[in-house]
Amino acid sequence: MTDLDTLLQPIPGDDPCGEDMVFSAEFDQIREARRFDQPGLEQGDWVIDLKEADWPQVVHLCGVVLRERSKDIRVAAWLAEAWARREGFGGLRDGYRLVEALCRDYWEGLHPRAEDGDAAQRIGNLGWLISQSRQLVVEIPLTRSEAGRYGLAVWDSAVQLANAIKRAPQDASELSRGKVTQDQFDAARRDTPPAFYSELLVDLDGCAQALDSLDQLLQERLGDEGPSFSALREALRNASALATRFAREAGLLVRSDSGAPNASAAGGAGASHTDTANAALRGQAERLEPTMTIPEQSSSVGGQPAGQPAVARGPIQTRDQALHQLREVADFFRRTEPHSPVAYLADKAASWGEMSLHLWLRTVLKNDQGLADLEELLGVPKTGNEG
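Put into structure tokens, the structure is as follows:
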């Protein structure tokens, strides 16, 4: 599918990383090719054709730039996105491998280049890739049939719908209007060939391994200033859990010691369809609304398997819980009101919450003198003095 070796060859000429093309026509062409309108966008009285992304064109344009003009982390991130849109988790895996290789082999000259040792822009580009990856993980299809190609976000929405109908069965028709139900999702799952799940589990495992390798390299390069991978890892674990369950239901033998949770054992005898599905994916009986969870538990607590999200009840207790709930809010509005700015703002707030004050200031303030004055006023230590 991809030829990473070709993309990683030095740019011909004196500079192996080529030129900075941020203001080039090629960048504008890539941005336009990847731009698309949300399917649920409200148009009012004036109905126009929605813009669809041209992912093959994005792949072509990014490949030309990386091979012939510039080694640029922004272009690599766009290419990873396009590969994922076209090839699913296998494409996302290759995207992580590409970004890791560029950061490993071309770190000093990679665009955008650090200015006076400040890699804030580069960190922001990596943060965009991670945030975008999390959205891709919940959208990449876990079914492949004429009945539908549905991903984790649709599954979560169907589970919430089932629970809402439980509470108000008299409103079932109104609640279900325009939404995918669990019955529809299950029909698509049953009609999906078992071979699809065999390949899907391999791609998910490879994606997780590539993500771990990228994270390790960025820790070496950036230390504590590197972006956080916790929310993305949680989404990837949830997708793996659901894919593992579907693979078993398709008749495949899945190793119980694999990275994905043992989904077939999650629901006991007599459990309802909704309860079993939720137990397999979330380790809880029901999911009514976006739920605050604690990501990446390092040990087993109260019977919750290590590494699985634990349900948090009552007031928010930790910083991780608060940031995670912000992302839950973003996911909810992204699914239910795709035209609303709330999803973007909540995601942005969560990403800012993982930055130091110094890094945040350098991200939002572009005037060097104004930044220096504000840092002096607030007593913010310079980058070299941060612990």
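In the working numbering, each residue's number is its place in the sequence shown (first place is 1) plus 1387. We put the CB at the ideal spot given by N, CA and C, even for glycine. Please read all numbers here as calculations on a predicted model, not as lab measurements.
| message | Using the three-state DSSP reduction, which class does serine 1560 fall into: helix, strand or coil? | response | helix
| field | Identified DSSP bridge partners for glutamate 1502 | value | Asp1505
| task | Please report the residue range of the alpha helix (DSSP H) in which phenylalanine 1616 lies. | result | Note, phenylalanine 1616: premise wrong, no alpha helix (DSSP H); not H, not E.
| message | Suppose contacts are defined by Cβ-Cβ distances below 7 Å. Is phenylalanine 1414 in contact with alanine 1440 by that definition? | response | no
| field | Burial state of tyrosine 1483, where buried means 16 or more other Cβ atoms lie within 10 Å | value | It counts as buried.
| field | At least 3 beta-carbon pairs within less than 8 Å: the stretch 1514–1526 vs the stretch 1550–1562 | value | no
| said: Let me confirm a value: glycine 1405 is counted as buried when at least 16 other C-beta atoms fall within 10 Å, else exposed. Which label applies? | reply: buried
| said: So for arginine 1411, helix, strand or coil by DSSP? | reply: It is serine, not arginine, that sits at residue 1411 in the sequence shown. In the structure shown, serine 1411 sits in coil (DSSP, three-state: anything other than H, G, I, E or B).
| query | Using the C-alpha atoms, what's the distance from glutamate 1455 back to glutamate 1617? | reply | The sequence given here places serine at residue 1617; glutamate does not occur at that position. Distance between the alpha carbons of serine 1617 and glutamate 1455: 35 Å.
| request: Spell out a yes or no on whether the stretch 1706–1721 and the stretch 1529–1538 are touching, meaning 3 or more CB-CB pairs, one atom from each, closer than 8 Å. | output: no
| Between serine 1639 and tryptophan 1470, what straight-line distance do the alpha-carbon atoms span, to the nearest angstrom? | The question names serine, yet the displayed sequence has leucine at residue 1639. Each residue's alpha carbon lies about 27 Å from the other.
| task | State the CB to CB distance for the pair valine 1486 and alanine 1506, rounded to an integer number of angstroms; the pair is presumed to be in contact (CB under 8 Å). | result | Contact doesn't hold; Cβ gap of about 14 Å is too wide.
| message | Please state whether the Cβ-Cβ distance between alanine 1622 and arginine 1480 is less than 7 Å. | response | Taking 7 Å as the Cβ cut-off, alanine 1622 and arginine 1480 do not qualify as a contacting pair.
| field | Rounded straight-line distance, which links the Cα of glutamine 1571 to that of glycine 1511 | value | 39 Å
| CA-CA distance, leucine 1391 and valine 1409? | When rounded, the distance between both Cα atoms is 22 Å.
| request: Would you mind sorting aspartate 1760 into buried or exposed? The rule is 16 or more other CB atoms within 10 Å of its CB. | output: exposed
| said: Quick check on DSSP: helix, strand or coil for aspartate 1459? | reply: strand
| said: Starting from cysteine 1594, trace the alpha helix (DSSP H) in both directions and tell me its first and last residue. | reply: 1581–1609
| Alpha-carbon spacing of alanine 1420 relative to alanine 1549, whole angstroms | 37 Å
| said: Does tyrosine 1537 pass the burial test, meaning 16 or more other C-beta atoms within 10 Å, or should it be called exposed? | reply: buried
| On the premise that cysteine 1490 lies in contact with leucine 1466, defined as a C-beta separation below 8 Å, what is that separation, rounded to the nearest angstrom? | Contact flag wrong, Cβ pair sits at about 14 Å.
| message | With distance defined between alpha-carbon atoms, name the residue in Ala1737, Arg1608, Arg1620 nearest to valine 1525. | response | Arg1620
| request: Could you spell out where the alpha helix (DSSP H) holding tryptophan 1542 opens and where it closes? | output: 1539–1554
| Between valine 1446 and leucine 1453, which are expected to be in contact by the criterion C-beta below 8 Å, what is the C-beta distance as a whole number of angstroms? | In fact, because the Cβ distance is near 11 Å, the residues do not count as touching under 8 Å.
| message | Less than 6 Å separating the Cβ of phenylalanine 1572 from some heavy atom of the ligand FMN? | response | In the structure on display, the ligand FMN does not appear, and there are no ligands present to speak of.
| message | Taking the straight line between their C-alpha atoms, what separation do you get for valine 1567 and isoleucine 1552? | response | 13 Å
| query | Around the C-beta of leucine 1437, are 16 or more other C-beta atoms found within 10 angstroms, so that it is buried, or is it exposed? | reply | Exposed, by the Cβ-count rule.
| task | Pick helix, strand or coil for glycine 1405, following the three-state DSSP scheme. | result | strand
| Simplified DSSP state of glycine 1482, which is helix, strand or coil | helix
| request: Look up glycine 1496 in the DSSP assignment and give the residues it is bridged to. | output: In the DSSP output, where bridge partners are listed per residue, glycine 1496 has none listed.
| said: On the DSSP letters alone, give me the boundaries of the alpha helix (DSSP H) that threonine 1568 sits inside. | reply: First-last for threonine 1568: undefined, no H or E at that position.
| query | Around the C-beta of alanine 1412, are 16 or more other C-beta atoms found within 10 angstroms, so that it is buried, or is it exposed? | reply | exposed
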